[in-house]
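Below is one structure; the comments refer to it alone.
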Amino acid sequence: MSEFLELKGIAKSFGDVQVLNDVNVRFNKGEVHALMGENGAGKSTMMKILTGIHMPTSGEIFLKGESLKIKNPREALSKGISMIHQELSSIKDLSIAENIFLGREPVKYGFIDYKEMFKKTEEVLNSIGVALNPKTKIRDLKVSDMQMVEICKAISYDAEIIIMDEPTSAITDREVEKLFGVIRDLKDNGKSIIYISHKMKEIYDICDVITVLRDGDIVATKPTTEVSNNELISMMVGRELEDVFPDKNNVVGEPILSIKNFSKQSMFNDINFEVRKGEILGIAGLMGAGRTEVVESIFGLHKLDEGEIQVNNKTIQINGPWDAIGKGIALVTEDRKEQGLALCRSVKENISISSLASIDKYGVLDRSIENEKVNDYIKALRIKLHSKNQEAGQLSGGNQQKIVLAKWLMTSPSILILDEPTRGIDIGAKSEIYKLMVEFANKGFAIIMISSELPEILGMSDRVLVFSNGEKTGELTREEANQEKIMEYATANLR
Ligand SMILES: Nc1ncnc2c1ncn2[C@@H]1O[C@H](COP(=O)(O)OP(=O)(O)OP(=O)(O)O)[C@@H](O)[C@H]1O
Ligand SMILES: [Mg+2]
992 MSEFLELKGI AKSFGDVQVL NDVNVRFNKG EVHALMGENG AGKSTMMKIL
1042 TGIHMPTSGE IFLKGESLKI KNPREALSKG ISMIHQELSS IKDLSIAENI
1092 FLGREPVKYG FIDYKEMFKK TEEVLNSIGV ALNPKTKIRD LKVSDMQMVE
1142 ICKAISYDAE IIIMDEPTSA ITDREVEKLF GVIRDLKDNG KSIIYISHKM
1192 KEIYDICDVI TVLRDGDIVA TKPTTEVSNN ELISMMVGRE LEDVFPDKNN
1242 VVGEPILSIK NFSKQSMFND INFEVRKGEI LGIAGLMGAG RTEVVESIFG
1292 LHKLDEGEIQ VNNKTIQING PWDAIGKGIA LVTEDRKEQG LALCRSVKEN
1342 ISISSLASID KYGVLDRSIE NEKVNDYIKA LRIKLHSKNQ EAGQLSGGNQ
1392 QKIVLAKWLM TSPSILILDE PTRGIDIGAK SEIYKLMVEF ANKGFAIIMI
1442 SSELPEILGM SDRVLVFSNG EKTGELTREE ANQEKIMEYA TANLR
């Protein structure tokens, strides 16, 4: 493997916030190089410097031994560097083909040659096994397909270096396999991949080398085969993390919420379950099993064809999210960026927005209580920020997700529904969130947690429901639950 791309003494600050200190790292040809570190460590910033979105405050970039200034993404592409961004960045009103060929549309007689563009798009999509119509508008796609389109786009530039910033946060296991196939092909063709992910398994599956970044400094660069899982975690979080999952000492009591005969055409059919006081109820299943739609219905986001909700054995009606919040139910959505956050508003406003009613004393907003509560959550969730008056959009991806979680915890719900609560969250913060969940249950409140991460389901749930294709196909106690049984129920309806 030969040395290819090198960062020497790269530093970056935003105003007086120093984000990268003195970064030195080399990427080789034909190598899949992982970049790991906690939320806010500076991973995305470093990659945005490589693609000309940010200019470094100091330091130099060398490509094949030559010093290089990259002033904008177009220039990065012309030097052979492309990137799949952590945030989905496609233009929703354009078609798949228009997005992939934006700014480089094939032209015939002075006009965009749509026929050619659709044909080429189809070829790119086929090359990674994605069966989508190039004419479909991005807004009509599922999130996982949007993500696949972005992957296709980055690959279609035929770049020498492809940066993938959390490419698998919204795709199914099968699609991850497709992506890994593509990565292996790219590697065989001598391309370099820089791969960012918080998922340990992926790192060990696909990466040759790992660089760990902590608080803007490189901790180490090592071959994957020479770093154990525990060593990797302590390099990232800077301390030993004995056990990611806390001891569970919550006591399960009476049913608090019962779902009866929930049905909604083409979403889910005849769903029945209850969750008890002090209980953490896990819902497992494959993506698309209908889990999200069921909890969204509890929250009043879909109109049911049939079904009933009982809280404390009394039938209640929920007429939309505000009604649900008023009745003590909170839902932390899986798609936090889209549904949960006002990016131009301050961190503080984002956290307190849903609970303003509760801090409103005598009709006046009590700023000191608001401040105190917001501070508590920032500390508890280890949200990394410069000031709580900072725009939420300036925080790193994982820290933005923690804000959404804080916002819902602050509404003091008695039933907390979490949809993929730790997706995109670093391992240290994950373990903090798990601790908060157990504390929450310990107060006699109930948690419903949807998760596609089996270790998380097994580590946290008192009871596990399994969904497959819109139906509840299994229910397991904590003792009964294991990976094999869950997978069996999760695929039960797919034959
Ligand atoms: N435009 C900006 N203005 C001010 N601060 C910023 C800006 N962009 C990033 N930062 C800060 O830089 C730090 C590093 O952010 P970055 O997005 O690089 O983290 P990351 O390692 O990618 O984290 P994650 O795993 O959460 O995606 C964060 O503290 C973030 O708030
Ligand atoms: Mg990032």
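The numbers in the sequence shown follow my numbering, run straight up by one, and end at 1486. Virtual Cβ for every residue (Gly too), placed ideally from N, Cα, C.
With respect to 6 Å, is the separation between the Cβ of residue i and the closest non-hydrogen atom of ligand 2 below this value?
i, result
"E1094", "Looking at the sequence itself, residue 1094 is Gly, so the reference to Glu does not match. Because no heavy atom of ligand 2 lies under 6 Å away, the Cβ of G1094 does not count as near it: no."
"S1035", "yes"
"G1388", "yes"
"Q1474", "no"
"Q1077", "yes"
Below 8 Å on the Cβ atoms is my guess for residue i versus residue j; work out the distance and round it to an integer in Å.
i, j, result
"C1143", "I1091", "6 Å"
"L1372", "A1397", "6 Å"
"G1291", "D1261", "The pair is not a contact, with the Cβ atoms about 20 Å apart (cut-off 8 Å)."
"M1227", "M1037", "At roughly 15 Å, the Cβ-Cβ gap does not stay under 8 Å, so M1227 and M1037 are not in contact."
"K1463", "F1264", "7 Å"
"T1212", "V1016", "6 Å"
"N1124", "G1389", "About 34 Å; that fails the 8 Å criterion."
"E1151", "K1178", "Rounded, the Cβ-Cβ distance is 12 Å, inconsistent with contact."
"I1129", "K1083", "5 Å"
"L1322", "F1253", "So it is not a contact: roughly 15 Å between Cβ atoms."
"I1406", "L1232", "Rounded, the Cβ-Cβ distance is 30 Å, inconsistent with contact."
"E1141", "S1081", "6 Å"
"H1377", "V1200", "No, H1377 and V1200 are not in contact; Cβ-Cβ is about 31 Å, not under 8 Å."
"V1429", "N1180", "Going by Cβ atoms, the distance from V1429 to N1180 rounds to 48 Å, so no, they are not a contact pair."
What are the boundary residues of the alpha helix (DSSP H) that residue i is part of?
i, result
"G1388", "1388 to 1400"
"D1179", "1164 to 1179"
"K1020", "Where K1020 is concerned, there is no enclosing alpha helix (DSSP H), given that its DSSP letter is neither H nor E."
"K1110", "1105 to 1118"
"T1159", "It is not in any alpha helix (DSSP H) - T1159 carries neither H nor E in the DSSP assignment."
"A1122", "Element bounds for A1122: n/a, residue is neither H nor E."
"M1137", "1134 to 1147"
"A1476", "Inspection of the sequence shows that residue 1476 is occupied by Lys rather than by Ala. First-last of the alpha helix (DSSP H) with K1476: 1474 to 1481."
"I1289", "1282 to 1289"
From which residue to which residue does the beta strand (DSSP E) around residue i run?
i, result
"Y1186", "1183 to 1187"
"I1049", "The sequence shown places Ser at residue 1049, rather than the Ile named in the question. It spans 1049 to 1054 - the beta strand (DSSP E) in which S1049 sits, taken as one unbroken run."
"R1414", "Per DSSP, R1414 belongs to no beta strand (DSSP E) and is neither H nor E."
"S988", "Here the chain comprises residues numbered 992 to 1486, so residue 988 is not present and cannot be evaluated."
"A1321", "1320 to 1323"
"G1450", "Looking at the DSSP string, G1450 is not in any beta strand (DSSP E); the run it does join, the alpha helix (DSSP H), is 1445 to 1451."
"V1338", "V1338 -> not in any beta strand (DSSP E); alpha helix (DSSP H) instead, spanning 1338 to 1343."
"G1298", "1297 to 1302"
"I1374", "Taken as a continuous stretch (DSSP letters only), I1374 belongs to no beta strand (DSSP E), as it is neither H nor E."
"T1468", "1462 to 1468"
"T1306", "1305 to 1307"
"D1410", "1406 to 1410"
"I1441", "1437 to 1441"
"G1101", "Note, G1101: premise wrong, no beta strand (DSSP E); not H, not E."
"A1315", "Where A1315 is concerned, there is no enclosing beta strand (DSSP E), although the alpha helix (DSSP H) it sits in stretches over 1312 to 1317."
"I1274", "1271 to 1276"
Between residue i and ligand 1, is there a pair consisting of the residue's CB and a ligand heavy atom that are separated by less than 6 Å?
i, result
"V1010", "yes"
"K1421", "no"
"G1031", "yes"
"K1003", "no"
"Q1385", "yes"
"K1375", "yes"
Strictly under 7 Å for the Cβ-Cβ distance: is residue i near chain C by that measure?
i, result
"R1205", "Going by chain labels, chain C is absent from the structure shown, which holds only one protein chain."
Query raised in the report: Quick one: complete beta strand (DSSP E) runs, 3+ long, within the region 1189 to 1268?
Result: 1200 to 1205, 1208 to 1214, 1246 to 1255, 1259 to 1267
Query raised in the report: Are three or more beta carbon pairs between the region 1048 to 1066 and the region 1399 to 1419 nearer than 8 Å?
Result: no
Query raised in the report: Would you call the region 1161 to 1174 and the region 997 to 1009 in contact, with 3 or more CB pairs under 8 Å?
Result: no
**Report entry** Three or more C-beta pairs below 8 Å linking the region 1220 to 1239 and the region 1054 to 1069
**Finding:** no
Query - Cβ contact (3+ pairs, closer than 8 Å) linking the region 1060 to 1080 and the region 1105 to 1125 - result: no
Query raised in the report: If we count Cβ pairs, one from each stretch, closer than 8 Å, do we get three or more for the region 1436 to 1445 versus the region 1380 to 1389?
Result: no
Query raised in the report: Are there three or more Cβ pairs, one per stretch, closer than 8 Å when the region 1273 to 1285 is compared with the region 1438 to 1454?
Result: yes
Requested in this report: For the region 1033 to 1089, list the beta strand (DSSP E) runs that are entirely contained and at least 3 residues long, ordered along the chain.
Outcome: 1049 to 1054, 1057 to 1059, 1072 to 1075
Report task. Could you tell me whether the region 1229 to 1246 touches the region 1422 to 1431, where touching means 3 or more Cβ pairs closer than 8 Å? Result -> yes
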